[in-house]
Amino acid sequence: MVTPLMPRSKPGIGRVDSIEAATVQCHASNLLELPDKTLLCVWFGGTQEGLSDISIYQSRLQPGSPSWEPPRKISSDEGRSCQNPILFRDPTTETLWLFHTAQPAGNQDEAVILARTSKDAAETWSGSFEPFPGKKGAFVRQPLVVLSDGTWVLPIFYCRVPPGFRWIGSDDVSAVMYTKDGGKTWSENSVPGSTGCVHMNIVALPQTQSYVAFFRSRWADHIYRSTSKDGLDWTPPTKTTLPNPNSGICAAALPNGSLVIVFNDSNASADMQRREGLYDDITPADDTRVNQPEVDGKTAIWGTPRKALSVGLSEDEGKTWQYRVLEDGDGFCMTNNSLERSNRELSYPSIFVEREGAGKSVHVAFTYHRQNIKYVHIEDVVAFVRGG
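Residue numbering for the sequence shown follows my numbering, beginning at 1 and increasing consecutively.
Structural data, given as structure tokens:
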């Protein structure tokens, strides 16, 4: 199925594609560019998020090719829903890593993180393994970052729930896993004061030799921001001026040090309709558990429209932003049902920034109505945000 594409008349916009769908539902893409300029895109697909047929799919765009290659399944886990794939290329060995989660039904508090590796540029993948054995409720979403001393840092978050209750996200917290030996052994640092802040997106700031991170909010209020001098120890997240509807974001640094972010320009209002939880439409009838209690008087908010997918630009390390809508619609997401084509969200962006040339070229992939992954090449992100 080919989705309607945004007009190319917007300043700075180059190529726009809809990646072929192999399944009813497609969501949570992640981009990586290989040294030969081939673009890889991975996402999860199947019938519906949380069901056991949800697996990880991959497509690639060869340099000069008129279209993305047909998608193929590269990872699955019998009896569990595989979600949130991310790609990483080891700069030393050139080995590719694929990380993703696997969970039974809608029980994110029982999720584990799985990994596979490839030594032939994602043509074939190893068997799956748990890089962090014994860690339950752990999730990934954002890319792994390599620090200046070679340390790998992988942001994660924990889906926590008291025994006997159903997870809905009200007590989720963030942390970083890090390794100094290329993934053989890992250690963990918690992000203080991060309750409700997930999908930690770490960005290196070369001008100050420090780091900044941005977070999705379970409270559907704002994007949150944290800083670190070493990439391992982080300040408690605080609100930015950018809204967030409890949906994914993605940020990166341009070569000149400016930051670019893709996000939904929407957040919760007091009168909006709300869902009970992320998986309320697939919860079995015999599951009599009640939703987990509030935490500090707050509960996770689901169903805020994921609309007005926007691109932002900051020249002060993410303190202030100028932004412009990339694609809009009503963003309806009161259900994850893709069989009935009722979800119309624009969400879960992924960014890859070109380091060569003028330093303004950005590749973006995002979920289009949970039916396709859409790809946009913004040739000049500064011109796009500023309107030419």
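In this text, a Cβ means the ideal position worked out from N, Cα and C, and glycines have one as well.
In this model, Tyr375 and Asn84 are separated by some 17 Å (Cα to Cα).
Straight-line measurement puts the Cα of Thr47 at about 22 Å from the Cα of Leu31. Beta-bridge annotation (DSSP): Phe99 is paired with Ile86, Ala115. Annotated three-state conformation of Arg216 is strand, per DSSP. Each residue's CA atom was taken as its position, placing Glu315 and Val382 some 11 Å apart. In its chain, beyond the 5 residues on either side, Pro255 have a beta carbon closer than 8 Å to the beta carbon of Arg355. Closest by C-alpha distance to Trp125, out of Ser217, Arg72, Ile54, is Arg72. In the displayed model, Phe366 falls within a strand according to three-state DSSP. Burial state of Thr288 is exposed, judged by a 10 Å Cβ sphere holding fewer than 16 other Cβ atoms. When DSSP states are grouped into helix, strand and coil, Asp53 belongs to the coil group.
When the beta-carbon positions are compared, Leu154 and Val140 come within less than 9 Å of each other. No alpha helix (DSSP H) of 4 residues or more sits fully in the stretch 122 to 149. Taking Thr227 as the centre and dropping the five residues before and after it, the same chain places the C-beta of Val212, Thr235 closer than 6 Å to its C-beta, in chain order.
DSSP places Val382 in no beta strand (DSSP E) but in the uninterrupted alpha helix (DSSP H) bounded by 381 to 386. Unbroken beta strand (DSSP E) runs of no fewer than 3 residues, entirely contained in the stretch 223 to 274, are found at 238 to 243, 250 to 253, 259 to 264, following chain order. Cβ contact annotation for Val146 (same chain, cutoff 7 Å, sequence separation greater than five): Pro91, Trp152, in chain order. Ranked by Cα distance from Leu346, the options Val112, Thr367, Asn291 are led by Thr367. Just so you know, the alpha carbons of Arg370 and Cys82 end up roughly 16 Å apart. Counting C-beta atoms within 10 angstroms of its own C-beta, Pro305 has 16 or more neighbours from the protein chains shown and is therefore classed as buried.
Here Gly45 is buried: its Cβ has 16 or more other Cβ atoms, across all protein chains shown, within 10 Å. Under the DSSP assignment, Asp17 falls in the beta strand (DSSP E) whose first and last residues are 13 to 19.
Excluding sequence positions up to five before and after Ser59, its CB lies within less than 6 Å of the CB of Ile19, Cys41, Trp68, Glu69, Pro71, all in the same chain and listed in chain order. Ser55 sits away from Pro104, with the two beta carbons spaced by 9 Å or more. In terms of CA proximity to Gly387, Val311 leads the group Cys250, Val311, Ala122. Ranking Val176, Thr195, Gly193 by CA distance to the CA of Ser187 puts Val176 first.
In the same chain as Cys333, and ignoring 5 residues on each side of it, the C-beta atoms closer than 7 Å to its own belong to Gly303, Pro305, Arg306, Asn343, Glu345, in chain order.
Following the DSSP letters along the chain, one finds Arg324 inside the beta strand (DSSP E) bounded by residues 322 to 327. With a 10 Å radius around the Cβ and a threshold of 16 neighbouring Cβ atoms, Thr238 comes out exposed. Asp77 carries a strand assignment under DSSP once its states are collapsed to helix, strand and coil.
Residue burial annotation: Asp271 is exposed, with fewer than 16 other C-beta atoms found within 10 angstroms of its C-beta. Counted as a single uninterrupted DSSP element, the beta strand (DSSP E) harbouring Ala28 occupies residues 25 to 33. Rounded to the nearest whole angstrom, the CA to CA distance from Gln25 to Arg341 is 9 Å.
In the three-state DSSP reduction, Gln108 falls in the helix class (H, G or I).
With respect to Phe263, Pro349 sits close: the two C-beta atoms are nearer than 9 Å.
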